[in-house]
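Please read the structure below before turning to the comments.
Residue numbers (mature numbering (1 follows the signal peptide of the UniProt record, and there is no 0)): -18 to -1, 1 to 116.
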C-alpha cells in the first residue's frame, strides 16, 4: 500500500490538477480528450500571412486549437483579462463568457478574445487585431 506521505502527495496532485489554470493544461490534452461537437474555424490575417482552417471542438479554446495546429496566435494571460489575443469575428458565433476585458460595445462590434473563446458554429475570425481594438 501507499505510505501516508505518498497518499498526501497524491491527494495534493489531484486537487491542484483540478484547479490548475488553463495556461498549465497542455493544449494537446484538451484537443485529444474532447468528445464534443467540432467546428471549422477559419483564421485570417493578411499582415501575418495567416489563412488557415482548423477544427475546434466546442469545449476547446480557439487559441489552444490553433496552437495544436501549429498556428502562431498571440496570447498573454490566457484568462480573458487582457487584449493580446484579440480577434474580430467575420462570420459565426463564439462563447466567450469567461472573458472580463471587452465591454459590451466591443463585443457587439465583433471583437473576441481567442484565449477564452469556444466556437459555437463554423466561423471566420480575423486574428492579430489588438491594435484595431483601441
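Every residue gets a Cβ at the ideal spot worked out from N, C-alpha and C, and that includes glycine. Quantities reported herein were computed from a predicted structural model and do not represent experimental measurements.
query	result
Indicate whether residue 102 and residue 75 have their beta-carbon atoms separated by less than 9 Å.	yes
Here's a check: name, in chain order, each residue in its chain whose Cβ is nearer than 7 Å to the Cβ of residue 65, leaving out the five neighbours to either side.	83, 112, 115
Could you check if residue 90 is buried or exposed, using at least 16 other CB atoms within 10 Å of its CB as the buried criterion?	exposed
When you compare only the Cα positions, how much space is there between residue 87 and residue 93?	9 Å
Leaving out five residues on either side along the sequence, give the residues of the same chain with a beta carbon under 7 Å from the beta carbon of residue 106.	24, 26, 72, 73, 74
Could you check which residue in 70, 29, 40 has the C-alpha nearest to that of residue 77?	40
Which class does residue 48 belong to by DSSP, given the choice of helix, strand or coil?	helix
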